[in-house]
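Novice:
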Amino acid sequence: MTHATFVSPLGPVTVTAADGAIVALDWGEAGCGLLDPLVRVAVEELQAYFEGHLRLFSVPLKPAGTTFQRRVWAALTAIPCGETRSYGALAGELGSGPRAVARACAANPIPIIIPCHRVIGADGSLTGYSGGSGIDTKAWLLRHEGAAVTTPPPLTRRLRGNAHAPRDCSL
1 MTHATFVSPL GPVTVTAADG AIVALDWGEA GCGLLDPLVR VAVEELQAYF EGHLRLFSVP
61 LKPAGTTFQR RVWAALTAIP CGETRSYGAL AGELGSGPRA VARACAANPI PIIIPCHRVI
121 GADGSLTGYS GGSGIDTKAW LLRHEGAAVT TPPPLTRRLR GNAHAPRDCS L
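Each residue of the sequence shown is one higher than the one before, starting from 1 at the first, in the UniProt record's numbering.
(1) Taking all protein chains shown into account, decide if residue 146 is buried (16 or more other Cβ within 10 angstroms of its Cβ) or exposed.
(2) Rounded to the nearest angstrom, how far is the Cβ of residue 90 from that of residue 115, given a contact under 8 Å?
(3) Pairs of beta-carbons, one from the segment 43-50 and one from the segment 8-22, closer than 8 Å: are there three or more?
(4) Can the beta-carbon of residue 139 be found less than 9 Å from the beta-carbon of residue 86?
(5) Quick check on this structure: which residue in 66, 41, 68, 72 has the alpha carbon closest to the alpha carbon of residue 6?
(6) Cα separation between residue 70 and residue 143?
(7) Smallest Cα separation from residue 62: which of 55, 22, 29?
(8) Please report the distance separating the alpha-carbon of residue 54 from that of residue 39.
(9) Taking the alpha-carbon positions, what's the residue 108 to residue 24 distance?
(10) Assuming the contact rule is C-beta atoms closer than 8 Å, residue 135 and residue 57 should be a hit. Round their C-beta distance to whole Å, please.
(11) For residue 66, which option in 105, 79, 82, 98 has the closest C-alpha, if you only look at C-alpha atoms?
(12) Please check the pair residue 128 and residue 27, which I expect to be a contact at CB under 8 Å, by giving their CB distance rounded to whole angstroms.
(13) Using the beta-carbon count (16 or more within 10 Å), is residue 37 buried or exposed?
(14) Of all Cβ atoms in chain C, is any one closer than 9 Å to the Cβ of residue 4?
(15) What is the DSSP secondary structure of residue 6, reduced to helix, strand or coil?
(16) What do you get for residue 148, buried or exposed, if any count of 16 or more other CB atoms within 10 angstroms of its CB means buried?
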């Protein structure tokens with residue numbers, strides 16, 4: 001596995017690749033890793049996303065999960081940047097229940113690239129987010145993409161500005 005950590009406007013983000021695909025995106029620092037070409041492309045795409053220049057990721061993904069989770073995650077990638085879907089609407093598309101979809105979203109190993117933040121409650125509420133600072137991070141991502149967000153207020157902690165270059169070192 002190879003990985004790299006870079007600083008996004010929401011704090012440190014670590015991207016991990018294995019077997020020719022991105023397998024994880026984690027909030028916080030995981031230390032340094034060997035920066036291979038695929039991880040470098042993923043970091044560049046994420047930086048372009050945070051700068052407002054990218055709305056669709058092209059890196060190959062290989063998230064580990066159940067068959068159902070992978071179906072949900074594939075459906076998430078079809079939600080356009082700046083748009084949202086309710087858990088119920090997504091569940092209807094998949095022939096499942098909203099809670100099962102919510103659990104799959106919570107287990108998403110590659111947030112942002114697999115945009116689980118674009119799934120909201122039927123009433124428009126931001127019902128949860130497992131990454132970063134939770135619902136504050138979800139609201140920030142949705143606002144960044146231009147989606148209508150009514151709750152909660154913007155992140156209260158200071159944003160870190162522009163993304164920085166990833167660290168490139170071996171373990």
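Glycine residues also receive a C-beta, built at the ideal position from the N, C-alpha and C atoms.
Specialist: Here's the rundown:
(1) Position 146 of the sequence shown, counting from 1, holds the residue named residue 146. Residue 146 should be labelled exposed.
(2) The residue given as residue 90 occupies position 90 in the sequence shown. The residue given as residue 115 occupies position 115 in the sequence shown. With 8 Å as the limit, residue 90 and residue 115 do not qualify as a contact, their Cβ atoms being about 12 Å apart.
(3) Touching, yes, given that three or more Cβ pairs across the two stretches are closer than 8 Å.
(4) Looking up residue 139 in the sequence shown gives position 139. Looking up residue 86 in the sequence shown gives position 86. The beta carbons of residue 139 and residue 86 sit no closer together than 9 Å.
(5) For the purposes of this step, residue 6 is identified with residue 6 of the sequence shown, where counting begins at 1. Of the listed residues, the one whose Cα sits closest to residue 6 is 41.
(6) On the sequence shown, position 70 is the one that residue 70 refers to. On the sequence shown, position 143 is the one that residue 143 refers to. Each residue's Cα considered, the two are about 26 Å apart.
(7) For this step, residue 62 is matched to residue 62 along the sequence shown. For residue 62, the closest C-alpha among the options 55, 22, 29 is that of 22.
(8) Looking up residue 54 in the sequence shown gives position 54. Looking up residue 39 in the sequence shown gives position 39. Cα-Cα distance, rounded: 17 Å.
(9) Stepping through the sequence shown from its first residue, residue 108 is reached at position 108. Stepping through the sequence shown from its first residue, residue 24 is reached at position 24. Using only the alpha carbons, I get a separation of about 9 Å.
(10) As a working note, residue 135 is residue 135 in the sequence shown. As a working note, residue 57 is residue 57 in the sequence shown. Actually they do not touch by this definition, with Cβ atoms about 23 Å apart.
(11) For the purposes of this step, residue 66 is identified with residue 66 of the sequence shown, where counting begins at 1. Of the candidates 105, 79, 82, 98, the one whose C-alpha sits nearest the C-alpha of residue 66 is 105.
(12) Mapped onto the sequence shown, residue 128 falls at position 128. Mapped onto the sequence shown, residue 27 falls at position 27. Residue 27 and residue 128 do not touch by the CB rule: their CB atoms are close to 15 Å apart, not below 8 Å.
(13) Mapped onto the sequence shown, residue 37 falls at position 37. Exposed, because fewer than 16 other Cβ atoms sit within 10 Å of the Cβ of residue 37.
(14) No chain C appears in this structure, which consists of one protein chain only.
(15) Taking the first residue of the sequence shown as 1, we reach residue 6 at position 6. Residue state for residue 6 is assigned as strand, using DSSP reduced to three classes.
(16) Translated into the one-based positions of the sequence shown, residue 148 becomes position 148. By the neighbour-count rule (16 or more Cβ atoms within 10 Å), residue 148 is not buried but exposed.
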